[in-house]
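Numbering (this note's numbering), first residue to last: 5 to 146.
Single-structure report; data block below.
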Ligand SMILES: Nc1ncnc2c1ncn2[C@@H]1O[C@H](COP(=O)(O)OP(=O)(O)OP(=O)(O)O)[C@@H](O)[C@H]1O
Ligand SMILES: [Mg+2]
């Protein structure tokens, strides 16, 4: 579980270091079957967040944006991570995410088409940004 102290409040991530520290804290609590919906405008920092989660989870190789490949898998020692971007996807047909969810913590950008899905724990992470400020708001979905 992501600690309650990080939920239901606007967290300032204007400085990229703040995002790094937040992702480091969250990565301590991630496990398989966790589902993270990442919502926010283009360029609001969703991919950057996943990249930092991976870095803090022990992934040392490249992290590529899944915009074209749809799904990227990162096998780690204690759990694995799935990163997906559904920006160009209209239907959940042929999406294997549900199967992967059993063994992976899943981070989904542009999750609107599967926002009713639930993992063991499901988090909605809302990214906001203006030219001078960035923030993230995390809530746990029932
Ligand atoms: N907290 C931050 N502070 C400063 N720069 C940031 C921060 N978060 C992200 N950026 C920068 O913003 C740019 C876009 O970020 P990113 O690709 O993560 O956005 P995204 O939400 O995944 O966008 P898309 O919807 O297009 O996939 C990148 O150049 C990244 O380095
Ligand atoms: Mg992205």
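No residue lacks a Cβ here, since even glycine has one placed at the ideal position from N, Cα and C.
All figures in this text were calculated on a predicted structure; none of them were measured in a lab.
Proximity to residue i [Cα-Cα], best of the options
i	options	result
residue 91	73, 79, 107	73
residue 12	117, 123, 127	127
residue 43	37, 54, 104, 33	54
residue 89	34, 49, 21	49
residue 110	58, 10, 16, 24	58
residue 78	62, 14, 71	62
residue 39	103, 29, 26	103
residue 31	84, 18, 17	84
residue 80	45, 35, 14, 27	35
residue 140	68, 16, 69	16
residue 108	87, 60, 23, 41	87
residue 41	10, 137, 120	120
residue 20	51, 33, 6, 7	51
Coarse secondary structure for residue i, derived from DSSP in three states
i	result
residue 122	coil
residue 13	coil
residue 105	coil
residue 50	helix
residue 92	coil
residue 128	strand
residue 65	coil
residue 99	coil
residue 57	helix
residue 20	helix
residue 8	helix
residue 82	coil
For residue i: DSSP bridge partner residues
i	result
residue 76	87
residue 39	110, 126
residue 139	16, 132
residue 145	126
Residues proximal to ligand 2 by C-beta, any heavy atom closer than 6 Å: 50, 51, 69, 89, 113
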